[in-house]
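*Asks:*
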Amino acid sequence: MRTVRELHRDILRREAKKGRDISELQEAYQMDCLLHPERREKRDGPLDLSRKKEMDVSADVEAVLAVLAEQKRDVYALIAPAFMGQFGVPVTPGRVRAAFKEIGFQGMVEVAVFADILTLKEALEFDRHVLNETDFQLTSCCCPVWISMIRDIYGELMPHVPGAVSPMIAAGRAVKKLHPDAVTVFIGPCLAKKKEAKEPDIAGAVDHVLTFQETKDLFEVTDIHPEKLGEDEKEHSSMAGRIYARTGGVSEAVRKTVEQLHPDREIVLHAQTADGVKACRQMIEDIKNGDRKANFYEGMGCEGGCVGGPKSLLPKEIGRELVNWYGTEAVYETPLENPYVIELIEKLGFYTIEDFLEKSDILTRNFSVKN
Ligand code: SF4
């Protein structure tokens, strides 16, 4: 049986044959905060919350502050791919990470890395199931509004939805598998994620969900100024995972990965995307009525995708631009090229492609459980 690592090596060989310099793609260093926390410098003494300002914060922020102050368990920030520029343009990803560590988080994990892993899963599922002109797939990734809509109103289409969890849940489960006592805090622009984290079949992966505004409040109340901190740069995500934050990102990520898997594939991925509840509904109605122009369907509950989420702090157009820019900055285009993705998949216990697709409980969910 072919392993995920063999597939990764084959892809690198193929890229090298095309004339691409792959030396950068092979330089793997560890995701220390997640895979090797013992290497991380420990803070001196307990978290000093004496600097905590008097200000009104939400109950969710209070809960995160309480768990940080306890200092009993490692707390991980899981940051959504839409985070670019949300705390101000000078607040680079490295400064956001430094800010979380300054408050007492063990580390910051980019959920984009798990979007990468799910991109690989969706691409392999597409490769396995979309074999003729009548086959099609609806993405199960990321948006709880899209998934609830299909599950609650258009249940007959569920066989076309791979039973995958969202990148947020995959990230939470992975952290807890590697560090069972850890506390996980998801940070993003989405209110629906607060509800998703409590859905019965996936509850327990993510302990707290904060919006970007609540996270800003967390920085403010603890007197942390991310824009003044040094860069704590550890980039592990590919372009594929980074662009999930905007409409069309999931489709582009899966299409590129399918193309890299099988450049000569006869049935290529044709995507149709919809953003906003109305457009998503219309797209699903069209599929139901046999009016299909694509074989891969991506729905996002918010206009523009997550950069247009209800708690995004930037206009969606600027958010999209920043997300696209961050995507082009990635060393890796797809998860197949990304050595961290391969290492993480192995650390989670999956070596063969079959195991990754069929036994990866951590990445799958049971949509039949009623919420
Ligand atoms: S598109 Fe909107 S509802 Fe869907 S995950 Fe993103 S922010 Fe949440």
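Remember, our numbering sits 95 above the position in the sequence shown when you count from 1.
All residues carry an ideal CB built from backbone N, CA and C; glycine is no exception.
From what residue to what residue does the beta strand (DSSP E) around Phe42 run?
*Replies:* As displayed, the chain neither begins before 96 nor continues past 466, which places residue 42 out of reach and without an answer.
*Asks:* Between Asp151 and Arg168, what straight-line distance do the alpha-carbon atoms span, to the nearest angstrom?
*Replies:* 25 Å
*Asks:* From Asn419 to Ile338, what distance separates their C-alpha atoms?
*Replies:* Rounded to whole angstroms, the separation of the alpha carbons of Ile338 and Asn419 is 6 Å.
*Asks:* Cβ atoms of Thr234 and Tyr446: under 8 Å apart, would you say?
*Replies:* no
*Asks:* Per the DSSP calculation, Tyr171 is bridged to which residue(s)?
*Replies:* Partner residues in the beta bridge of Tyr171, as assigned by DSSP, are Gly202, Thr279.
*Asks:* At a cut of 8 Å, does the segment 206 to 213 reach the segment 431 to 444 through at least three beta carbon pairs?
*Replies:* Touching, per the Cβ criterion.
*Asks:* For Val349, tell me which candidate among Gly336, Asp359, Arg360 has the shortest Cα-Cα distance.
*Replies:* Gly336
*Asks:* Just checking Met179 against ligand 1 - is the residue's beta carbon closer than 7 Å to any of the ligand's heavy atoms?
*Replies:* Relative to ligand 1, Met179 has its C-beta separated by 7 Å or more from all heavy atoms.
*Asks:* In terms of residues, what are the limits of the beta strand (DSSP E) holding Met395?
*Replies:* 391 to 395
*Asks:* Kindly indicate which three-state DSSP category Leu324 falls into: helix, strand or coil?
*Replies:* coil
*Asks:* Going by C-alpha distance, which of Asn433, Arg104, Val280, Cys285 is nearest Leu396?
*Replies:* Leu is not the amino acid found at residue 396; the sequence shown has Gly there. Closest option to Gly396, Cα to Cα, is Cys285.
*Asks:* Give me the Cα-Cα distance between Arg223 and Lys454, rounded to the nearest whole angstrom.
*Replies:* 16 Å
*Asks:* Ends of the alpha helix (DSSP H) at Asp105?
*Replies:* It spans 99 to 112 - the alpha helix (DSSP H) in which Asp105 sits, taken as one unbroken run.
*Asks:* Leaving out five residues before and five after Arg360 in sequence, what residues of the same chain have Cβ atoms less than 8 Å from its Cβ?
*Replies:* Answer for Arg360: Asp222, Val353, Glu354, listed in chain order.
*Asks:* Please give the ranges of any alpha helix (DSSP H) in the segment 211 to 254, keeping only runs that are unbroken, at least 4 residues long and fully inside the region.
*Replies:* 239 to 248
*Asks:* Inspect the beta-carbon positions of Ala389 and Ala374 and report whether they are closer than 8 Å.
*Replies:* no
*Asks:* Below 8 Å CB to CB, which residues in the same chain sit around Ile362 once its five sequence neighbours on both sides are set aside?
*Replies:* Val225, Leu226, Asn227, Glu228, Asp230, Asn390
*Asks:* Taking 6 Å as the limit between beta carbons, can you name the residues of its chain near Thr98, skipping five residues before and five after?
*Replies:* When the five nearest sequence neighbours on each side are left out, the beta carbons in the same chain lying within less than 6 Å of the beta carbon of Thr98 are those of Tyr446, Thr447, in order along the chain.
*Asks:* Going by DSSP, what residues sit across from Gln367 in a beta bridge?
*Replies:* Tyr392
*Asks:* How far does the alpha helix (DSSP H) with Thr423 in it extend, from its first residue to its last?
*Replies:* Taken as a continuous stretch (DSSP letters only), the alpha helix (DSSP H) holding Thr423 covers 411 to 424.
*Asks:* Any chance the segment 244 to 261 sits against the segment 422 to 429, with 3 or more Cβ pairs inside 8 Å?
*Replies:* no
*Asks:* According to DSSP, what are the bridge partners of Ala469?
*Replies:* The chain is shown from 96 up to 466; residue 469 falls before or after that span and cannot be answered.
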